[in-house]
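Following: one structure in structure tokens, then a few remarks.
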Amino acid sequence: MSGWNSDLSTLRELEERARAPEVEMSVRTCLNMSHFKATMRELRKVDDNIIIRMNTTNTASGDECQAFFRVLQTAYARREHDIAYCLSVLDDKLSQPPRKLSLESQRDWVASERSVERIVRSRTLDVFRSRCRFFEFPAEFEKDH
Numbered sequence: 005m006s007g008w009n010s011d012l013s014t015l016r017e018l019e020e021r022a023r024a025p026e027v028e029m030s031v032r033t034c035l036n037m038s039h040f041k042a043t044m045r046e047l048r049k050v051d052d053n054i055i056i057r058m059n060t061t062n063t064a065s066g067d068e069c070q071a072f073f074r075v076l077q078t079a080y081a082r083r084e085h086d087i088a089y090c091l092s093v094l095d096d097k098l099s100q101p102p103r104k105l106s107l108e109s110q111r112d113w114v115a116s117e118r119s120v121e122r123i124v125r126s127r128t129l130d131v132f133r134s135r136c137r138f139f140e141f142p143a144e145f146e147k148d149h
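Written out as structure tokens, the structure reads:
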């Protein structure tokens, strides 16, 4: 994944990174907190890259802002899906006797990732709004964020 660290990726590369097809979220990943944290950190790198890219790009163009926004939507959907998937995996494991305290702790930790996600999104969207002042967010996005 050496390409993740490039400061000035093309929008097409950013969109591919937001989808992150090479980053697998599996039952095994969900049950290993170190692996889960590393995976989420990897998936959030797209936000860092977008911030760098937006700060070095003329975003007066509505098309540029729309393209950046599509990348953000893709990244957010992927991460939300992965968090929900891991919560489902852990809930399933917890429903099977015997319940393990360590699994309950893991589930709480994965659930707290939603708070981390809100913070990351807020930071990224602040930069987006400052650079794309006239961009109109879709109504369904505004009510959720």
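Residue numbers (the working numbering): 5 to 149. Glycine included, every Cβ here is placed at the ideal spot set by N, Cα and C.
(1) From the DSSP output, in three-state form, read off Gln110 for me.
(2) Sort Arg83, Ile87, Gln70 by Cα distance to Arg137 and report the nearest one.
(3) Does Gln100 pass the burial test, meaning 16 or more other C-beta atoms within 10 Å, or should it be called exposed?
(4) Might you give, ordered along the chain, the residues of its own chain that have their beta carbon closer than 6 Å to the beta carbon of Arg16, omitting 5 neighbours on each side?
(5) Met72 lies in the alpha helix (DSSP H); which residues open and close that run?
(6) For Leu105, count neighbouring C-beta atoms within 10 Å of its own C-beta (all shown protein chains included) and say buried if the count is 16 or more, exposed if not.
(7) So is Ala143 buried or exposed if we call it buried at 16+ other beta carbons inside 10 Å?
(8) Using the beta-carbon count (16 or more within 10 Å), is Ile87 buried or exposed?
(9) Please state whether DSSP places Cys34 in a helix, a strand or coil.
(10) Which two residues bound the contiguous alpha helix (DSSP H) that contains Glu19?
(11) Look at the alpha carbon of Glu26 and the alpha carbon of Arg45, and state the distance between them as a whole number of angstroms.
(12) Using only alpha-carbon positions, find the residue among Gly66, Ser65, Phe72, Ala42 that is nearest to Ile56.
(13) Is it buried or exposed for Arg135, if we count other Cβ within 10 angstroms and need 16 for buried?
(14) At the level of alpha carbons, what is the spacing between Glu20 and Asp96?
(15) My output table needs one value for Arg103: the three-state DSSP class, helix, strand or coil.
Looking at the atomic coordinates:
(1) helix
(2) Gln70
(3) exposed
(4) none
(5) Per the sequence shown, the amino acid found at residue 72 is Phe instead of Met. Residues 66–98.
(6) exposed
(7) exposed
(8) buried
(9) helix
(10) 15–23
(11) 14 Å
(12) Phe72
(13) buried
(14) 31 Å
(15) coil
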